[in-house]
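Student: Before we start, here is the structure in question, set down as structure tokens.
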Amino acid sequence: MGGRSLRRRSAVVGAVLVALLVPGLAFAASPVSQQQNGDAPPPVEGATMRVGLQQQIDSLNPFLGYTLASTDIFRSIYPTLTTYAADDFSVEPELAESWESSPDRLTWTFRIRDGATWSDGEPITAQDAAFTYNLMMTDSAASSANGTFVENFESVEAPDDGTLVIRTKTPQSTMLAIDAPIVPEHVWSGVDDIANFTNDEMPVVSGGPFTLTEYEPEQYVTLEANEQYWRGPPKIDELQFVQFKNSDAAVQALRKGEIDVVQKLTPAQFDALADEENIEQVRGQGRRFYEIILNPGATNSENQPIGSGHPALTDVRVRQAIDHAIDREAIVERVLGGYGEQGGGYLPPIFADYHWSPPPEQRRGFDIGEANRILDEAGYQRGEGGIRRTPQGEPLNFDFVLHGDESSDTQVGEFVKQWLRDIGIAVELQPVSDSQLGDRTTAGDFDMVISGWSANPDPDYVLKLQTCGARPSPDGGGLPDTFLCDRQYDELYDRQLAEFDPAARQDLVKQAQQRFYEQATGLVLYYQNSLEAYRSDRFSGFTTQPADNGVVTAQQGFWGYYGAVPTEAAATTGSGQGYGTVAMALGGAVVVLGAVGGVVLLRRRATADTRE
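So for the sequence shown, my numbering puts the first residue at 932; every next one is plus one.
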């Protein structure tokens, strides 16, 4: 093992996603920065980094897993064709060293890196990529998590080990945004039933910087540095994620030195760590947007009404009035403690090329008087108790579905309830479990619901959530966000997907966001900062992504953990203290997470914490 620790139990991070492409342009891989946050001591052997995890690992099967915890693991053990640079999210090579497209933009040829191997020593070839994509194109289970990336593919072939040829049905500007993990054909070709394959035979064959070596469901997952990784192995020997019941327990473990990194901190927790010795805080821009979905009259792909949305919400004027009644500045200050930015456009500011913010003349600012004026003019008159009624006499009583275990949801709900009362709308807060919220949202069984998505550098995935095609069929499925089905929005979406000029595509994406804003089916409340902390006495040299206002854990790649440099303290305590020691020290703080069943539900759970 080259002198490194013989017993490695690592775990992982990385969400390699997508970017704008320049057809025919070849790239050379840039070395990862290892000193981005200041001088780091020389690396030492035998170090284990432990990360507090507060989310479910729904599957180790990369064709099925949706949650951020799962996709982070996939991005660290399976290669993708391209990845995002740590500095600025620009596209750079990963498995593909270069690429080019035909003049008609329908055929893409990727040159596969020579000399890259799987962790078991087998070469990684174009045949592995072709096998993966063809499996996704032909097996419904294999398309569960990432099928949208290949649905426009006509064919995928590997004429030789170093060449991958993808032909698309129509021009597709997201060809460098294929964020589907590539699996080893020599392992997966023997899998007969993808839907029920757990992929938990250790060690899992890897082509990324880490190899999955140990997994205890609902307790921990461990990855080991992959000595075969073509960039070179990480400087830490092991990366382990320990699951906690809540972030308070994880913070306490960080204070005691029982874990090394905590992400997803609340503002209060972040502030409380300000003066802690040997703890470094990290505040970065987040890539998520948080929204309130207003049911516009949910329909399926056959335009048949589904769900139980209030008929008043089919009126865009009612939805716009509700938006006027929400004080985003107050939410950012009082719920987020100032650790965030007010929402407006669909895509977060961290992706500056695509971020759109409504100009002053279009912005629906907090204005109770204007909200009342709109509803008065629209004919929604006040009745008993000051509650407005539709012209047909139905009171405007809305249910507001919230995540029951999220304190921020509760706070937002209470604020919105009071503000809407001021404009004659009664709101009943309905905190439910994640599974119930997922079921109700995909079924259209709500009036208002809290949601949110993690966006990618390439915006196509989240933009598609608002199209008519995202709606479920009569048999279920689909991946809708707000059930928007608007011809003008769909036309803009189709045009941006076929546009290869970067500036022109950016303009179309912003026009689509403007149309989404006008329709007010999803009211983007805020973009929350990513708040993290780590033990500076044990690790340094984390690579932040992006370089400015970035964070050390997963944004769009594996860079943070890959570049981390352990200290002597990490080496002396890291190898000997296994998971069991941590578990005993936590006194039962390790989480017991309920299993969540069903592909549809997992897709909705993705709204809370995954890349999309």
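The beta-carbon is built from N, C-alpha and C at its ideal position, and this holds for glycine as well. Treat the numbers as computed from the prediction; the structure is a model and nothing was measured.
At which residue ranges does the segment 1284-1360 contain complete beta strand (DSSP E) runs of 3 or more residues, listed in the order of the chain?
Tutor: Whole beta strand (DSSP E) segments, 3+ residues: 1328-1334.
Student: Measuring CB atoms only, is the segment 1113-1121 touching the segment 981-988, in the sense that at least three cross pairs come out at less than 8 Å?
Tutor: Segments in contact, no.
Student: Below 7 Å between beta carbons: does that hold for Trp1030 and Phe1020?
Tutor: Going by C-beta atoms, Trp1030 is not nearer than 7 Å to Phe1020.
Student: Which same chain residues end up closer than 6 Å to Pro1165 when comparing Cβ atoms and leaving out the 5 residues on each side of it in sequence?
Tutor: Excluding residues within five positions, the ones whose Cβ falls inside 6 Å are Pro1140, Ala1156 and Tyr1493.
Student: Near Gln1397, what residues of its chain come up, given a Cβ to Cβ distance below 7 Å and the 5 sequence neighbours on each side ignored?
Tutor: Around Gln1397: Asp1412, Thr1413, Leu1415, Tyr1420 and Phe1447.
Student: Among all the DSSP beta bridges, which residues are the ones paired with Ala1027?
Tutor: For Ala1027, which the question treats as bridged, DSSP gives the partners Ile1043.
Student: Roughly how many angstroms lie between the CA atoms of Ser1104 and Ile1237, to the nearest whole one?
Tutor: So the two alpha carbons sit approximately 33 Å from each other.
Student: I think Ala903 touches Ile1043, with their Cβ atoms under 8 Å apart; what is that distance to the nearest whole Å?
Tutor: The displayed coordinates of the chain run from 932 to 1543. Any statement about residue 903 would go beyond what the structure contains.
Student: Taking the alpha-carbon positions, what's the Leu1244 to Pro1227 distance?
Tutor: The alpha-carbon atoms of Leu1244 and Pro1227 are separated by roughly 5 Å.
Student: Which runs of the alpha helix (DSSP H) spanning at least 4 residues fall entirely within the segment 1381-1441, listed in chain order?
Tutor: Correct list: 1391-1395 and 1418-1428.
Student: Looking only at C-alpha atoms, which of Gln1171, Gln1194 and Asp1168 sits nearest to Glu1180?
Tutor: For the record, residue 1180 in the displayed sequence is Ala; it is not Glu. Of the candidates Gln1171, Gln1194 and Asp1168, the one whose C-alpha sits nearest the C-alpha of Ala1180 is Gln1194.
Student: Roughly how many angstroms lie between the CA atoms of Tyr1285 and Asp1479, to the nearest whole one?
Tutor: Their Cα atoms are separated by approximately 17 Å.
Student: Does the segment 1286-1306 come close enough to the segment 1197-1217 to have 3 or more Cβ pairs within less than 8 Å?
Tutor: No, because fewer than three Cβ pairs between the segment 1286-1306 and the segment 1197-1217 fall closer than 8 Å, the two stretches do not touch.
Student: Please give me, in chain order, every unbroken run of the beta strand (DSSP E) with length at least 3 that falls completely inside the segment 1073-1097.
Tutor: Entirely contained in the segment 1073-1097, the beta strand (DSSP E) runs reaching 3 residues are, in chain order, 1084-1091.
Student: Using C-beta distances below 6 Å, list every residue in its chain close to Asn1077, excluding the 5 sequence neighbours before and after it, in chain order.
Tutor: Within the same chain, Asn1077 has close Cβ partners Ala1111.
Student: What distance in whole Å lies between the Cβ atoms of Asn1303 and Ile1223, which are believed to be in contact at a cut-off of 8 Å?
Tutor: Contact doesn't hold; Cβ gap of about 19 Å is too wide.
Student: Helix, strand or coil for Pro1362 per DSSP?
Tutor: Of the three classes helix, strand and coil, the one that applies to Pro1362 here is strand, per DSSP.
Student: Drop a sphere of 10 angstroms on the beta-carbon of Lys1100, count the other beta-carbons inside from all chains shown, and report buried for 16 or more, exposed for fewer.
Tutor: Under this definition Lys1100 is an exposed residue.
Student: Less than 8 Å between C-beta atoms, sequence neighbours within five positions excluded: which residues of the same chain meet that for Pro1405?
Tutor: Excluding residues within five positions, the ones whose Cβ falls inside 8 Å are Asn1231, Ser1232, Glu1233 and Gln1235.
Student: Please name the residue or residues paired with Ser1461 in a DSSP beta bridge.
Tutor: Answer is Gly1215.
Student: Excluding sequence positions up to five away, which residues of its chain have a Cβ less than 6 Å from the Cβ of Asp1035?
Tutor: No residues qualify anywhere along the chain.
Student: Taking DSSP's pairing of strands, which residues face Met980 in a bridge?
Tutor: Met980 is bridged to Leu1170.
Student: Is the beta carbon of Leu1462 closer than 7 Å to that of Phe1201?
Tutor: Taking 7 Å as the Cβ cut-off, Phe1201 and Leu1462 qualify as a contacting pair.
Student: Taking 8 Å as the limit between beta carbons, can you name the residues of its chain near Gln1058, skipping five residues before and five after?
Tutor: The residues are Ala1089, Asp1092 and Glu1116.
Student: Figure out for me which residue from Thr1056, Ile1210, Pro1433 and Ser990 has the closest Cα to the Cα of Asn1130.
Tutor: The option with the nearest alpha carbon to Asn1130 is Ser990.
Student: Would Gln1212 and Ala1464 qualify as a contact pair, given that the criterion is a beta-carbon distance under 7 Å?
Tutor: Yes, Cβ-Cβ distance for Gln1212 and Ala1464 is below 7 Å.
Student: Quick test of your reading: Ala1435 and Arg1469, contact by CB under 8 Å. State the CB separation rounded to the nearest angstrom.
Tutor: The pair is not a contact, with the Cβ atoms about 48 Å apart (cut-off 8 Å).
Student: Exposed or buried, which one is Thr1069 when buried takes at least 16 other CB atoms within 10 Å?
Tutor: With fewer than 16 other Cβ atoms within 10 Å, it is exposed.
Student: Skipping 5 residues on each side, what residues in its chain have a beta carbon closer than 6 Å to that of Pro1102?
Tutor: The answer, listed in chain order, is Arg1036 and Ala1429.
Student: How should Asn1177 be labelled, buried or exposed, when 16 other C-beta atoms within 10 angstroms of its C-beta is the threshold for buried?
Tutor: Its Cβ having fewer than 16 others within 10 Å, Asn1177 is exposed.
Student: Starting from Tyr1160, trace the alpha helix (DSSP H) in both directions and tell me its first and last residue.
Tutor: Looking at the DSSP string, Tyr1160 is not in any alpha helix (DSSP H), and its letter there is neither H nor E.
Student: Check each candidate in Gln1183, Val1266, Pro1279 and Pro1322 and name the one with the smallest Cα separation from Pro1242.
Tutor: The residue with the shortest Cα to Cα distance from Pro1242 is Pro1322.
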